[in-house]
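Protein chains: 2
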Amino acid sequence: MTKILLVDDDVQIAELIDVYIKNDGYETTMATDGKMALALFDKEPFDLIILDWMMPRMDGLEFCKQVRQTSHVPILMLSARVGDFDKIQGLTTGVDDYMIKPFNPLELMARIKALLRRSNYNRPVESLSVQAGPFFIDRARHTVTMQDQTIRLTAREFEILYLLAKHKGRVYSSEEIFEAVWQEHGDGSNQTVMVHISNIREKLHAVVPHEVIIQTVWGVGYKIET
Amino acid sequence: MTKILLVDDDVQIAELIDVYIKNDGYETTMATDGKMALALFDKEPFDLIILDWMMPRMDGLEFCKQVRQTSHVPILMLSARVGDFDKIQGLTTGVDDYMIKPFNPLELMARIKALLRRSNYNRPVESLSVQAGPFFIDRARHTVTMQDQTIRLTAREFEILYLLAKHKGRVYSSEEIFEAVWQEHGDGSNQTVMVHISNIREKLHAVVPHEVIIQTVWGVGYKIET
DNA sequence: GACCTTCTTTAAGATTTCTTTAGAACTGGT
DNA sequence: ACCAGTTCTAAAGAAATCTTAAAGAAGGTC
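If you read the sequences in order, they're chains P and Z. Following the numbering used here, the numbering of the first sequence begins with 1162 at its first residue and continues without gaps. Following the numbering used here, the numbering of the second sequence begins with 1162 at its first residue and continues without gaps.
Structure follows, in C-alpha cells:
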C-alpha cells in the first residue's frame, strides 16, 4: 500500500486533496504543520509527501530541509504565490515537483503518480534484481533470464512477475496485483490479471515445459513459492 | 564530496552562505581575502569558488586571473554594486556567473547547482569514452566512430547515445532520458526524445544497415544491449 | 538579414500490447 | 459422479505506444 503524507494547515484544501488521493487507492496521513509532520515522518516511512509552502510553526522549506537530511522520499510542494517559485525553481531544497494554488486536482494526481513512478524507478540497484527459483529478474535491464535464455515479457507481464517474485511465498489476489501494477483502483472482478498470468505462464513454459512456477491458490490468488 | 571555497571578507554574509551550502550537503572552506584563498586553492582542489569582488589585500578580479592560470574551476562572483558588473562582464576574467548583493540565498544555491552541473559535464577525459558494441564514443572529441567511419551527431543526439551507451543494458524511459539530457523536468509524453532516437537510428543505419543498436523496450523505454 | 543547422511539435500510420468476451477446463464439496 | 463456483485460454476488438515524415521554431553563422 502506497502511503502519502499530506501536510497543509488549510484543512479545507487538505480534505479536498485527501478525497482525490484516497479515491485513487492511496493511503493518506494528514498533518497541519511542519513539526507535526516531521514527528509522523520519523515514526513511519512514507512513499510521498505533499507539502504546503506556508505553514505555522515550521514552513515547508524548513521541513523539506529536515526531511532531506535522512530521506530521498519524493516531495511535492504546494504554494499560493507564483513568484516564490521563480526563484527556487531549480531546485535547491530538494523539492521534486511543485504546483501553484489553486490547482486542478486531477493534475495534482497526475503529478503524484509521475513522482511515484519515478521514485520506484530509481530504487537502489541491489533491490532491483530478484532471483526467484529458476529465473532471474533484472529490473534495470528489464529482462527475465532463465537457464541462460532471455524471456521476452511485456511491461505489464514483467511487473506482475516481478511483484510475485519479489515477495516469494506471499499470495496476491488478482485485485491486489491489479492495484500494485496498474497503480490504480481495481474494482470488480479482474479477468485482465488472469489473462496476463496465463500469458506469463505460457512464456515461461516455453523454457521449462512442465514446471509450475506461478501457483494458483484457489479462491485467493497467485503466488510464487521459492 | 563536493568542495566549495567561499571567499568573502564580510563574515556575516559568509556565514549565512555557509549555512545554506552546508545544508545542501556540500563541504565548505572559508577565506577572508584573496591571498589566503589562493594559498588554500594551491593546496587542495575545489569544485567551485564563490568570490567577493571587494576584498582587502587582493580583490576578486585579481584572484580570478591568478586562479585561471592553472584551473578552470567554476567561479561565482558576488558584488555589492550593480555598476561593477557592467565593467566585469566581458572582461574575460573567466567568471562563470555573478550575483548582486543583497541576494536571495535560494537563488544563489540554484546558481551554484547550475554551475556544478555544468562543470560536472566537463569531467576528466578518462571516463569520457565508451565502447558500445560496434561503435566508439569519445566524449572529449564529441565523436562517434563506427567501422572507421565517423558519424555526425547533433548535441542532443550525442548526449542520448552517450547516456545509453554509458549504461549498457539499463533501460531508460523517454522521460528519464529527457531529464538526464535536458537537465530539466520532463512532464508528460515525450515525443521529442522518440524523434531523436529515430534520427540517431537513421544515422547509425547508414553505416550498419540492419543491425539493431538501440532497442525499444515496449511500454518502458530504450536501451543498448552490449 | 539571409542561410543553415538543429530542435521541437504535430500527426498519420504501423506495431504491439491490453482488455474484454465467452466457452472450456478445472477444483472442491456433496 | 455431479454441481456450483472458479479459473484458464483463445480470439478479436480496443487502446496505447512507437515510428517516421514533415513543417515550423529557434539558434547560430557568415
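We put the beta carbon where it would ideally sit given N, CA and C, even for glycine.
Between the CA atoms of E1205 (chain Z) and I1375 (chain P) - distance to the nearest angstrom
Looking up residue 1375 (chain P) in the first sequence gives position 214. Looking up residue 1205 (chain Z) in the second sequence gives position 44. Approximately 58 Å, taken between the alpha carbons.
How would you label G1380 (chain Z), buried or exposed, when you count the other beta carbons within 10 angstroms and need 16 or more for buried?
As a working note, residue 1380 (chain Z) is residue 219 in the second sequence. Classification for G1380 (chain Z): exposed.
R1300 (chain Z) at chain P interface by Cβ criterion, 8 Å:
To locate residue 1300 (chain Z), count along the second sequence from 1; it is residue 139. With 8 Å as the cut-off, R1300 (chain Z) does not count as an interface residue toward chain P.
Tell me, please, whether the stretch 1194 to 1209 of chain P touches the stretch 1165 to 1183 of chain P by the rule of three or more beta-carbon pairs shorter than 8 Å.
Under the 8 Å Cβ criterion, the stretch 1194 to 1209 of chain P counts as touching the stretch 1165 to 1183 of chain P, having at least three qualifying pairs.
Output needed for V1354 (chain Z): all residues of its chain with C-beta closer than 6 Å, excluding positions within five of it in sequence on either side, in chain order.
Here residue 1354 (chain Z) refers to the residue found at position 193 of the second sequence. Counting only Cβ-Cβ distances below 6 Å, and skipping sequence neighbours, we find S1335, I1338, F1339.
Along the stretch 1307 to 1326 of chain P, what residues have a CB closer than 9 Å to any CB found in chain Z?
Identification of residues in the stretch 1307 to 1326 of chain P having a C-beta nearer than 9 Å to some C-beta of chain Z yields T1315, A1316, R1317, F1319, given in sequence order.
8 Å Cβ cutoff, H1303 (chain P) in contact with chain Z
Locating residue 1303 (chain P) in the first sequence gives position 142, counting from the first residue. Chain Z contact via Cβ: present.
Nearest to D1203 (chain P) by alpha carbon, out of P:V1305, P:E1188, P:L1212, P:Q1230?
As a working note, residue 1203 (chain P) is residue 42 in the first sequence. Closest option to D1203 (chain P), Cα to Cα, is P:Q1230.
Using DSSP's beta-bridge definition, name the partner residues of D1213 (chain P).
Taking the first sequence and counting its residues from 1, the one referred to as residue 1213 (chain P) is at position 52. In DSSP, D1213 (chain P) forms a bridge with P:L1239.
Buried or exposed: where does V1291 (chain P) fall if 16 or more other Cβ atoms within 10 Å of its Cβ makes it buried?
For the purposes of this step, residue 1291 (chain P) is taken as residue 130 along the first sequence, with counting starting at 1. With 16 or more Cβ atoms within 10 Å of its Cβ, V1291 (chain P) is classed as buried.
A1365 (chain Z) versus A1241 (chain P) - alpha carbon distance:
Numbered from 1 along the second sequence, position 204 holds the residue referred to as residue 1365 (chain Z). Numbered from 1 along the first sequence, position 80 holds the residue referred to as residue 1241 (chain P). It is Leu, not Ala, that sits at residue 1365 (chain Z) in the sequence shown. Going from the Cα of L1365 (chain Z) to the Cα of A1241 (chain P) covers about 49 Å.
Under 7 Å from the C-beta of R1331 (chain Z): neighbouring residues of chain P
On the second sequence, position 170 is the one that residue 1331 (chain Z) refers to. Within chain P, the residues near R1331 (chain Z) are A1301, R1302.
Partners in chain Z for K1274 (chain P), counting only beta-carbon separations shorter than 9 Å
In the first sequence, counting from the first residue as 1, residue 1274 (chain P) sits at position 113. Neighbours of K1274 (chain P) in chain Z, taken as residues whose beta carbon is under 9 Å from its own, are absent, since the nearest beta carbon is some 11 Å off.
Show which residues of chain P have a CB atom less than 9 Å away from the CB atom of W1343 (chain Z).
In the second sequence, residue 1343 (chain Z) corresponds to position 182, counting from 1. Result: empty, since nearest Cβ-Cβ is about 14 Å, beyond 9 Å.
Give the C-beta separation of L1212 (chain Z) and I1236 (chain Z) to the nearest angstrom, bearing in mind that I take them to be a contact with Cβ-Cβ under 8 Å.
As a first step, residue 1212 (chain Z) is located in the second sequence; it is residue number 51 there, counting from the start. As a first step, residue 1236 (chain Z) is located in the second sequence; it is residue number 75 there, counting from the start. Indeed they touch by this definition, with Cβ atoms about 6 Å apart.
Under 9 Å from the C-beta of K1226 (chain P): neighbouring residues of chain Z:
As a first step, residue 1226 (chain P) must be located in the first sequence, where it is residue number 65. Those are N1184, D1185, listed as they occur along chain Z.
Selection from Z:E1318, Z:K1329, Z:V1332, Z:L1269 that minimises the alpha carbon distance to L1177 (chain Z):
Sequence index remark: in the second sequence, residue 1177 (chain Z) carries index 16 (1-based). When each option's Cα is compared against that of L1177 (chain Z), the closest is Z:L1269.
For G1380 (chain Z), go through chain P and note every residue whose CB falls closer than 8 Å to its CB, in chain order.
Working through the second sequence from its first residue, we reach residue 1380 (chain Z) at position 219. Under the 8 Å cutoff, chain P gives T1315, A1316, R1317.
In angstroms with no decimal places, state the Cα-to-Cα distance between G1221 (chain Z) and C1225 (chain P).
Here residue 1221 (chain Z) refers to the residue found at position 60 of the second sequence. Here residue 1225 (chain P) refers to the residue found at position 64 of the first sequence. Each residue's Cα considered, the two are about 34 Å apart.
Straight-line Cα distance separating L1276 (chain Z) from P1217 (chain Z):
What you label residue 1217 (chain Z) is simply residue 56 of the second sequence in a count that begins at 1. What you label residue 1276 (chain Z) is simply residue 115 of the second sequence in a count that begins at 1. For P1217 (chain Z) and L1276 (chain Z), the distance between alpha carbons rounds to 26 Å.
Tell me the DSSP bridge mates of L1166 (chain Z)?
On the second sequence, residue 1166 (chain Z) is found 5 positions in, with the first residue counted as 1. L1166 (chain Z) is bridged to Z:T1190, Z:I1210.
Consult DSSP for A1293 (chain Z) and reduce its assignment to one of helix, strand or coil.
The residue given as residue 1293 (chain Z) occupies position 132 in the second sequence. Strand at A1293 (chain Z).
Just to check my reading of the structure: K1329 (chain P) and I1385 (chain P) have Cβ atoms closer than 8 Å, yes? What is that Cβ distance to the nearest angstrom?
Walking along the first sequence from the start, residue 1329 (chain P) turns up at place 168. Walking along the first sequence from the start, residue 1385 (chain P) turns up at place 224. Yes, K1329 (chain P) and I1385 (chain P) are in contact; Cβ-Cβ is about 5 Å, under 8 Å.
Around the C-beta of L1267 (chain P), are 16 or more other C-beta atoms found within 10 angstroms, so that it is buried, or is it exposed?
Taking the first residue of the first sequence as 1, we reach residue 1267 (chain P) at position 106. Classification for L1267 (chain P): exposed.
Counterpart residues of G1382 (chain Z) in DSSP-defined beta bridges
As a first step, residue 1382 (chain Z) is located in the second sequence; it is residue number 221 there, counting from the start. The partner list for G1382 (chain Z) (beta bridge, DSSP) reads Z:V1378.
If I measure Cβ to Cβ from E1318 (chain P) and keep anything under 7 Å in the same chain, skipping five residues before and after, which residues do I get?
Position 157 of the first sequence, counted from the first residue, corresponds to residue 1318 (chain P). Counting only Cβ-Cβ distances below 7 Å, and skipping sequence neighbours, we find H1357, N1360, I1361.
Using DSSP bridges, identify the partner residues of Q1107 (chain Z).
Residue 1107 (chain Z) lies beyond the residue range present for chain Z, which begins at 1162 and ends at 1387; the question has no answer from this structure.
Thinking C-alpha only, which one of Z:M1191, Z:K1327, Z:V1369 is nearest Q1310 (chain Z)?
Here residue 1310 (chain Z) refers to the residue found at position 149 of the second sequence. Minimum Cα distance to Q1310 (chain Z) is reached at Z:V1369.
With distance defined between alpha-carbon atoms, name the residue in Z:V1234, Z:S1232, Z:F1264 nearest to A1175 (chain Z).
Residue 1175 (chain Z) sits at position 14 when you count from the first residue of the second sequence. The residue with the shortest Cα to Cα distance from A1175 (chain Z) is Z:F1264.
Can you tell me which residues form a DSSP beta bridge with M1260 (chain Z)?
Counted from its first residue, the second sequence places residue 1260 (chain Z) at position 99. DSSP output for M1260 (chain Z) lists Z:L1239 as bridge partner(s).
Which one or two residues does DSSP pair with T1306 (chain Z) in a beta bridge?
On the second sequence, position 145 is the one that residue 1306 (chain Z) refers to. Paired residues: Z:F1297, Z:T1311.
Which residue from P:N1184, P:Q1173, P:V1172 puts its Cα closest to that of T1163 (chain P)?
Position 2 of the first sequence, counted from the start, is the residue given in the question as residue 1163 (chain P). When each option's Cα is compared against that of T1163 (chain P), the closest is P:N1184.
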